[in-house]
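Number 56 in the working numbering belongs to position 55 of the sequence shown; there are no gaps in the numbering. Where is the CB? At the ideal position from N, CA and C, for every residue including glycine. Computed from a predicted model, the values in this text were never measured in an experiment. Data block below; observations after.
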Amino acid sequence: MERAHLVYSTFPDAETALRVGEDLVRARLAACVNVIPGMRSVYAWKGAVERGEEVVAILKTRHGLGQALAEALKARHPYETPIVLHLDVAEADPGTLAWILAETGQGEG
């Protein structure tokens, strides 16, 4: 059986994350996108240490859609090099998994 899968990303602001998230949910590549504002980041970029404010996005999907979701995310993302981290889910509540599968095109009927 297909497993649940999470994709972690960051965005410059909540409105951008919500817009991209809505596109991905409408495309049925993700069942849900959680947008968490208020993150402050320190990161290395092109030889310098930078600071910035970002928002976190956690995208819930099924394992088989992980790569397709990542490609669609990168195509819509405003960053030159978007953060796309795949997080394997060891186990999911059966109801949660059924919902993710149904909302991403599997498990109907």
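Checklist entry - Relative to the C-alpha of N35, which residue among T62, L102, E51 and D89 is closest? => result T62
Original post:
Would a C-beta distance cut-off of 8 Å place A73 and A28 closer than the cut-off?
Top reply: yes
- Item | Straight-line Cα distance separating P13 from A99 | 32 Å
Review point. Where T11 and A103 are concerned, what is the direct C-alpha to C-alpha distance, given to the nearest angstrom?
Key: 26 Å
DSSP has Y44 in a bridge; who is on the other side?
E51
*Measure the alpha-carbon distance for L30 versus A91 and round it to whole angstroms.*
20 Å
Q) Can you tell me the Cα-Cα spacing of R20 and R77, whole angstroms? A) 9 Å
| query | When you compare each of K47, L66 and G96 to V8 by their alpha carbons, which one comes out closest? | reply | L66
| request: Grab the span of the beta strand (DSSP E) containing A5 for me, first residue to last. | output: A5 to F12
**Request:** Return the chain-ordered list of same chain residues with a C-beta closer than 8 Å to the C-beta of L25, the five sequence neighbours on each side being excluded.
**Result:** A31, V34, L60, L70, A73, L74 and R77
*For I84, the three-state DSSP class (helix, strand or coil)*: coil
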